[in-house]
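Below: the structure, in structure tokens.
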Amino acid sequence: MPTEVPEAAPARALLTVNGADRPGVTARLFAALAEGAPAVEVLDVEQVVVHGQLVLGVVVGVLPADAGPPVGQDELLEHLRPLAAAVATDVGLRVDVEPADAGPASVPGGRPHHVILLGRPVAPAAVAGAARGIAAVGGNIDAIRRLSDYPVTSFELTVSGAEATALRTELASVAATTGTDIAVEQVGLTRRSKRLIVLDVDSTLVRGEVIDELAARAGRAAEVARITAAAMNGELDFAESLRKRVAVLAGLPVEVLDEVREALVLTPGARTLIRTLQRLGFRCGIVSGGFTQITDPLAESLGLDFAAANTLEVVDGRLTGGLVGEIVDRPGKARALARFAAEHGIPLDQTVAVGDGANDLDMLNTAGLGIAFNAKPFVREQAHTALNQPYLDAVLQVLGFTRDEVLDAV
Numbered sequence: 001m002p003t004e005v006p007e008a009a010p011a012r013a014l015l016t017v018n019g020a021d022r023p024g025v026t027a028r029l030f031a032a033l034a035e036g037a038p039a040v041e042v043l044d045v046e047q048v049v050v051h052g053q054l055v056l057g058v059v060v061g062v063l064p065a066d067a068g069p070p071v072g073q074d075e076l077l078e079h080l081r082p083l084a085a086a087v088a089t090d091v092g093l094r095v096d097v098e099p100a101d102a103g104p105a106s107v108p109g110g111r112p113h114h115v116i117l118l119g120r121p122v123a124p125a126a127v128a129g130a131a132r133g134i135a136a137v138g139g140n141i142d143a144i145r146r147l148s149d150y151p152v153t154s155f156e157l158t159v160s161g162a163e164a165t166a167l168r169t170e171l172a173s174v175a176a177t178t179g180t181d182i183a184v185e186q187v188g189l190t191r192r193s194k195r196l197i198v199l200d201v202d203s204t205l206v207r208g209e210v211i212d213e214l215a216a217r218a219g220r221a222a223e224v225a226r227i228t229a230a231a232m233n234g235e236l237d238f239a240e241s242l243r244k245r246v247a248v249l250a251g252l253p254v255e256v257l258d259e260v261r262e263a264l265v266l267t268p269g270a271r272t273l274i275r276t277l278q279r280l281g282f283r284c285g286i287v288s289g290g291f292t293q294i295t296d297p298l299a300e301s302l303g304l305d306f307a308a309a310n311t312l313e314v315v316d317g318r319l320t321g322g323l324v325g326e327i328v329d330r331p332g333k334a335r336a337l338a339r340f341a342a343e344h345g346i347p348l349d350q351t352v353a354v355g356d357g358a359n360d361l362d363m364l365n366t367a368g369l370g371i372a373f374n375a376k377p378f379v380r381e382q383a384h385t386a387l388n389q390p391y392l393d394a395v396l397q398v399l400g401f402t403r404d405e406v407l408d409a410v
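Numbering (full-length UniProt numbering), first residue to last: 1 to 410.
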């Protein structure tokens, strides 16, 4: 019985161009590849410029001929080496040629992911830790690009071969150790298809807690601060804590609400985030456990599409210490997100929610992407991803937008 001879692997080669970038390099290389015989096809190409230094890699294979024996690997390399030398002379860069294998037929471990590192600064130890963590769960870094250098430095790594849960768990440990924010998102159209964002208000869109400011004017700041902390850490039911805190405001003149509203300070980057997303076609709004007397004028001043919050009861120009209408608590925030998405015809997987407290968790987990912003540990552990930077517009990098795209949008 005749022995089967294994079919020879197709001839492939990798050309790598390195050096100071200049116009016409890519065009000259591909023009050279189009000349002479054997005819080749482009199988893969990747190019990056880092601070003016070009790295261009091209994988080519031999096109099958109509007649004659197939071209082997050695013959392909002999053809490409003088061609590469001529290109190198013309453009003044180094051009190397080496054999290339066929590459993996498929990527193990499911779909690839984007891993975003954010910090100010991003230390080498953070990049090294992320790289080790990715390798530890069987992942491979296929590409790295810088997203921004202001207000935070951020890099996006494209990672293949790693399972999502294992990758997030491993990198959460790296983030905690290095103090660098690390977000993980699946590669795909859904990342750039987000169309609606809801923001918590207190300690997210604005600095501080409005209820604490009101309590200070009632002389009950310390008492309310203790209740607020317990609620935000998940130690106390939010609706119960809200009623307790509002009760101490009884008797305050309604003008106090205007004073507190006028003293609000937006979180750095808040206007940039909202303005950029609005120009990119997002619907933007706020969902707050605070009070409509504060949030409605704030939403109007920022040109937001929607707002939901609780309403303080006012009688004869003074706060009664009670609330009117439906309570916007932890489940109420999630319901508000779903309602606004439905009103604008936007699927929930195309929504983003940002918040810092335990009462935001249902909203964060209902959204397609939930971001814990400078949140309590209890919240960071349960959200899709976490940001611990002082700049709200760092959300844009988590969504994959580069600094240049942000500048173009604003």
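Note that the Cβ used here is the ideal one computed from N, Cα and C, for glycine as well.
Q) For E405, which three-state DSSP category applies? A) Within the sequence shown, residue 405 is the residue found at index 405, counting from 1. Helix at E405.
Q. If you check the beta carbons only, do L277 and L167 fall under 9 Å apart?
A. If you number the sequence shown from 1, residue 277 lands on position 277. If you number the sequence shown from 1, residue 167 lands on position 167. No, the pair does not count as a contact, with Cβ atoms beyond the cut-off.
Q: Could you tell me the distance, in whole angstroms, from the CA atom of A131 to the CA atom of G269?
A: Translated into the one-based positions of the sequence shown, residue 131 becomes position 131. Translated into the one-based positions of the sequence shown, residue 269 becomes position 269. Their backbone Cα atoms lie some 29 Å apart in a straight line.
Q: Could you pull the start and end residues of the alpha helix (DSSP H) that A309 belongs to?
A: Here residue 309 refers to the residue found at position 309 of the sequence shown. First-last for A309: F306 to V315, but that is the beta strand (DSSP E), not the alpha helix (DSSP H).
Q | Three-state secondary structure (DSSP) of F282 | A | Here residue 282 corresponds to residue number 282 of the sequence shown, with the count starting at 1. Note: F282 maps to coil in three-state DSSP.
Q: Classify E185 as helix, strand or coil using the three-state DSSP reduction.
A: Position 185 of the sequence shown, counted from the start, is the residue given in the question as residue 185. DSSP places E185 in strand when its eight states are reduced to three.
**Q.** Residue closest to L304, alpha-carbon to alpha-carbon, out of N310, T320 and R279
**A.** Residue mapping note: residue 304 aligns to position 304 of the sequence shown, counting from 1. Measuring from the Cα of L304, the nearest candidate turns out to be R279.
**Q.** Given E313 as reference, the closest of V91, V206, I286 and V254 once Cα atoms are compared
**A.** Numbered from 1 along the sequence shown, position 313 holds the residue referred to as residue 313. Looking at the Cα atoms, V254 is the closest of the given residues.
Q: Could you tell me if N365 is buried or exposed, where buried requires 16 or more neighbouring beta carbons within 10 angstroms of its beta carbon?
A: Numbered from 1 along the sequence shown, position 365 holds the residue referred to as residue 365. Exposed, since its Cβ has fewer than 16 Cβ neighbours within 10 Å.
Q.
On the criterion of 16 or more Cβ atoms from any shown chain inside 10 Å, does A37 qualify as buried, or is it exposed?
A. Taking the first residue of the sequence shown as 1, we reach residue 37 at position 37. The residue in question, A37, is exposed, as its Cβ has fewer than 16 Cβ neighbours within 10 Å.
Q. What is the DSSP secondary structure of T366, reduced to helix, strand or coil?
A. Taking the sequence shown and counting its residues from 1, one reaches residue 366 at position 366. Helix, per DSSP.
Q) Buried or exposed: which applies to A143, given that a residue is buried once 16 or more other Cβ atoms fall within 10 Å of its Cβ? A) Within the sequence shown, the letter at position 143 stands for residue 143. So A143 ends up on the exposed side.
Q.
So, with DSSP's three-state summary, where would you put E209?
A. Within the sequence shown, the letter at position 209 stands for residue 209. Three-state DSSP puts E209 in coil, outside helix and strand.
Q.
Three or more C-beta pairs under 8 Å: does that hold for the segment 20-38 against the segment 81-98?
A. yes
Q: Return yes when the Cβ of G139 is within less than 9 Å of the Cβ of H114, no when it is not.
A: Here residue 114 refers to the residue found at position 114 when the sequence shown is read from its first residue. Here residue 139 refers to the residue found at position 139 when the sequence shown is read from its first residue. Not closer than 9 Å, so no.
Q. Which stretch, first to last residue, makes up the beta strand (DSSP E) that contains I144?
A. As a first step, residue 144 is located in the sequence shown; it is residue number 144 there, counting from the start. Its beta strand (DSSP E) spans residues N140 to S148.
Q: Report the residue from A353, R145, A375 and G281 whose alpha carbon sits nearest the alpha carbon of G404.
A: Counting from one through the sequence shown, the residue named residue 404 turns up at place 404. As written in the sequence, residue 404 is Asp, which differs from the Gly given in the question. Comparing Cα-Cα distances from D404 to each of A353, R145, A375 and G281, the minimum goes to R145.
Q | Same chain, Cβ closer than 8 Å to L323, five either side skipped, listed in chain order | A | Against the sequence shown, residue 323 aligns to sequence position 323. Cβ neighbours of L323 beyond the five flanking positions: L242, R243, V246, N310, T311, L312 and E313.
Q: Look at the Cβ atom of I197, then the Cβ atom of R283, and state whether they are nearer than 9 Å.
A: Taking the sequence shown and counting its residues from 1, the one referred to as residue 197 is at position 197. Taking the sequence shown and counting its residues from 1, the one referred to as residue 283 is at position 283. Yes, the pair counts as a contact, with Cβ atoms nearer than the cut-off.
Q.
Comparing C-alpha positions only, which one of G289, G129 and E223 sits nearest to D181?
A. Position 181 of the sequence shown, counted from the first residue, corresponds to residue 181. Considering only alpha carbons, the answer is G129.
Q | Beta-carbon proximity list for F306, same chain, < 6 Å, skipping 5 on both sides | A | Mapped onto the sequence shown, residue 306 falls at position 306. Cβ within range, chain order: G285 and F340.
**Q.** Coarse secondary structure for T320, derived from DSSP in three states
**A.** Working through the sequence shown from its first residue, we reach residue 320 at position 320. Correct three-state label for T320: strand.
Q | Backbone CA spacing between residue 411 and L54 [nearest angstrom] | A | A question about residue 411 goes unanswered here, because the residues of the chain that appear run from 1 up to 410.
Q: With a threshold of 16 other CB atoms inside 10 Å of the CB of Y150, please say whether the residue is buried or exposed.
A: Translated into positions along the sequence shown, residue 150 becomes position 150. Result: exposed.
Q: Classify V328 as buried or exposed, calling it buried when 16 or more other Cβ atoms lie within 10 Å of its own Cβ.
A: Here the question's residue 328 lines up with position 328 in the sequence shown. Buried, because 16 or more other Cβ atoms sit within 10 Å of the Cβ of V328.
Q: Identify the continuous alpha helix (DSSP H) that holds L196 and give its terminal residues.
A: On the sequence shown, position 196 is the one that residue 196 refers to. Careful: L196 lies outside any alpha helix (DSSP H), inside the beta strand (DSSP E) at L196 to L199.
(Q) I believe F373 touches T204 by the beta-carbon criterion, under 8 Å. Please report the beta-carbon distance rounded to the nearest angstrom. (A) Start at 1 with the first residue of the sequence shown, and residue 373 comes out as number 373. Start at 1 with the first residue of the sequence shown, and residue 204 comes out as number 204. Right, their Cβ atoms sit about 5 Å apart.
Q) In terms of residues, what are the limits of the beta strand (DSSP E) holding T16? A) Locating residue 16 in the sequence shown gives position 16, where the first residue counts as 1. Segment R12 to A20, the beta strand (DSSP E) holding T16.
Q. Exposed or buried, D96, counting other C-beta atoms within 10 Å across all chains shown (16 or more means buried)?
A. For this step, residue 96 is matched to residue 96 along the sequence shown. Exposed is the call here.
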